[in-house]
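When we follow our numbering, the leftmost residue of the sequence shown carries the number 43, and every step to the right adds one.
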Amino acid sequence: MREFDEKSITAAVIGRLSQCDDPRFKRIMTALITHLHDFVRDVKLTESEWLTAIEFITDVGQTCTNKRQECILLSDTLGVSVLVITLNHPADEGSVESTVLGPFYWEDAPDLPRGSNLAEGVTGEPTFYSGRVLSVDGRPLENALLDIWSGDGEGNYDMQILGETGMKARGRIRTDAEGRYWFRSIRPTFYPVPTDGPVGGMLRKMGRHPYRPGHIHMIVSAPGHLTVTTHLFVAGSQYLDSDAVFGMKESLVAQFDRHPPGVDPSGERMETPFYMVNYDFRLRPAGAASATSVGT
Ligand SMILES: [Fe+2]
Numbered sequence: 043m044r045e046f047d048e049k050s051i052t053a054a055v056i057g058r059l060s061q062c063d064d065p066r067f068k069r070i071m072t073a074l075i076t077h078l079h080d081f082v083r084d085v086k087l088t089e090s091e092w093l094t095a096i097e098f099i100t101d102v103g104q105t106c107t108n109k110r111q112e113c114i115l116l117s118d119t120l121g122v123s124v125l126v127i128t129l130n131h132p133a134d135e136g137s138v139e140s141t142v143l144g145p146f147y148w149e150d151a152p153d154l155p156r157g158s159n160l161a162e163g164v165t166g167e168p169t170f171y172s173g174r175v176l177s178v179d180g181r182p183l184e185n186a187l188l189d190i191w192s193g194d195g196e197g198n199y200d201m202q203i204l205g206e207t208g209m210k211a212r213g214r215i216r217t218d219a220e221g222r223y224w225f226r227s228i229r230p231t232f233y234p235v236p237t238d239g240p241v242g243g244m245l246r247k248m249g250r251h252p253y254r255p256g257h258i259h260m261i262v263s264a265p266g267h268l269t270v271t272t273h274l275f276v277a278g279s280q281y282l283d284s285d286a287v288f289g290m291k292e293s294l295v296a297q298f299d300r301h302p303p304g305v306d307p308s309g310e311r312m313e314t315p316f317y318m319v320n321y322d323f324r325l326r327p328a329g330a331a332s333a334t335s336v337g338t
């Protein structure tokens, strides 16, 4: 029989890992137990606070559905997602920076021809996106894939719109032989992360606003290169300086130039003013650095 006091409990729990035969898992669990126990001792957690935390975590899990990922939102708003991404995807050699996946990714968006309008039937100001996908040494990457998604011009993702069951403002576009891509969508606006669940309650209690600056998401991939999960942020958008999920990176801020009604570069006649944005994505070769996917 052995009992533990408030200090010896930590070594005792870590000691139970002695039969663990996965060294990486053992290291992670050892550090997790150490920091978690230190945290409890540090704040002298009360039983009611501990129960509140248990209820909160339970609520976060139970809020998840096949269209809502409250766990990712919790990770995002606590800055953990961007910390993991920054550790695993250092931007160097001029490669495009990574940022958060966010909770609204939907796999298997439709493959569309270059020049397609991703935002057919979506409210928002029309925008022509173009640029190239290149290797860090400037070589054009043919057949690179851009998996693109955004909210509408009012900041709502298809998943959030009541009664909307299909994909909106999503699509996959491939580059041509010169590494060029182009497509049409809308100019995204700032929006609040979902605030009607436990994470929203946490933000209110912390005295924080829930807004993200306007951005369009993309996962850019090409054979033989590291896949990058990233955004283009709208220059001048509100909340660029206080992104609720800490995902803003200056190198990802793109200029959206306003044009009067007329013919856009794809030959489409635009009856309203439209925007044009141009951005090149540079990818590092696979094996250039830690290629750990964080999966968020
Ligand atoms: Fe987003």
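Glycine included, every Cβ here is placed at the ideal spot set by N, Cα and C.
For clarity, every value in this text was computed on a predicted model and none was experimentally measured.
*asked:* Following a CB-centred definition, is F288 positioned closer than 7 Å to any heavy atom of ligand 1?
replied: Sequence index remark: in the sequence shown, residue 288 carries index 246 (1-based). Checking the Cβ of F288 against ligand 1 gives no.
_I'd like to check one pair, R326 with G139: are the Cβ atoms closer than 8 Å?_
Within the sequence shown, the letter at position 97 stands for residue 139. Within the sequence shown, the letter at position 284 stands for residue 326. The sequence as given places Glu at residue 139; Gly does not occur at that position. Not closer than 8 Å, so no.
*For W224, count neighbouring Cβ atoms within 10 angstroms of its own Cβ and tell me buried if that reaches 16, exposed if not.*
Translated into the one-based positions of the sequence shown, residue 224 becomes position 182. The residue in question, W224, is buried, as its Cβ has 16 or more Cβ neighbours within 10 Å.
*Burial state of G213 (16 or more Cβ within 10 Å)*: Residue numbering aside, residue 213 sits at position 171 when the sequence shown is read from its first letter. Looking at its Cβ environment, which holds 16 or more other Cβ atoms inside 10 Å, G213 is buried.
*Identify every residue that forms a DSSP beta bridge with N159.*
Your numbering for residue 159 matches position 117 in the sequence shown. Answer is R226.
*Excluding the 5 residues preceding and the 5 following Q297 in the sequence, name in chain order all residues of the same chain whose CB lies nearer than 7 Å to its CB.*
Position 255 of the sequence shown holds residue 297. A277 and V319.
*Thinking just about the alpha-carbon of each residue, which of D322, S308 and G304 is nearest to the one in T314?*
In the sequence shown, the residue the question calls residue 314 occupies position 272. The candidate whose alpha carbon is nearest that of T314 is G304.
*Buried or exposed by the 16-neighbour rule on C-beta atoms within 10 Å, applied to H251*: Numbered from 1 along the sequence shown, position 209 holds the residue referred to as residue 251. By the neighbour-count rule (16 or more Cβ atoms within 10 Å), H251 is not buried but exposed.
*Which one of M290, I75 and F232 has the shortest CA to CA distance from E58?*
As a first step, residue 58 is located in the sequence shown; it is residue number 16 there, counting from the start. The question names Glu, yet the displayed sequence has Arg at residue 58. Ranking the options by Cα distance to R58, first place goes to I75.
*C-beta contact flag for E258 and S279 at 8 Å*: Against the sequence shown, residue 258 aligns to sequence position 216. Against the sequence shown, residue 279 aligns to sequence position 237. In the sequence as presented, Glu is not what sits at residue 258; that position holds Ile. Not a contact, by the Cβ cut-off of 8 Å.
*asked:* So R222 and R174 are supposed to be a Cβ contact under 8 Å. How far apart are they, rounded?
replied: In the sequence shown, residue 222 corresponds to position 180, counting from 1. In the sequence shown, residue 174 corresponds to position 132, counting from 1. Sure, about 5 Å apart at Cβ, within 8 Å.
*Compute every distance between the C-beta of R254 and the non-hydrogen atoms of ligand 1, then say whether any falls below 7 Å.*
The residue labelled residue 254 in the question sits at position 212 within the sequence shown. The answer is yes for R254.
*Does the distance from the C-beta atom of F170 to that of V262 stay below 8 Å?*
Position 128 of the sequence shown holds residue 170. Position 220 of the sequence shown holds residue 262. No, the Cβ-Cβ distance between F170 and V262 is not below 8 Å.
*Within 10 angstroms of the Cβ of V85, are there 16 or more other Cβ atoms? Answer buried if so, exposed if not.*
Working through the sequence shown from its first residue, we reach residue 85 at position 43. Flag for V85 reads exposed.
*For A328 versus T119, is the C-beta distance shorter than 8 Å?*
Mapped onto the sequence shown, residue 328 falls at position 286. Mapped onto the sequence shown, residue 119 falls at position 77. In this structure, T119 does not lie closer than 8 Å to A328 by Cβ.
*asked:* Just checking F146 against ligand 1 - is the residue's beta carbon closer than 7 Å to any of the ligand's heavy atoms?
replied: Numbered from 1 along the sequence shown, position 104 holds the residue referred to as residue 146. Yes, ligand 1 has a heavy atom inside 7 Å of this Cβ.
*Would you give the residue range spanned by the alpha helix (DSSP H) that I96 belongs to?*
Here residue 96 refers to the residue found at position 54 of the sequence shown. Note, I96: alpha helix (DSSP H), E89 to T105.
*Just mark A211 as buried or exposed, buried being the case when its beta carbon has 16 or more other beta carbons within 10 Å.*
Sequence index remark: in the sequence shown, residue 211 carries index 169 (1-based). With 16 or more other Cβ atoms within 10 Å, it is buried.
*Counting pairs of Cβ atoms below 8 Å between the region 236 to 243 and the region 92 to 105, do you hit three or more?*
yes
*What separation, rounded to the nearest whole angstrom, lies between the Cα atoms of E97 and R44?*
Your numbering for residue 97 matches position 55 in the sequence shown. Your numbering for residue 44 matches position 2 in the sequence shown. Answer to the nearest angstrom: the Cα atoms are 31 Å apart.
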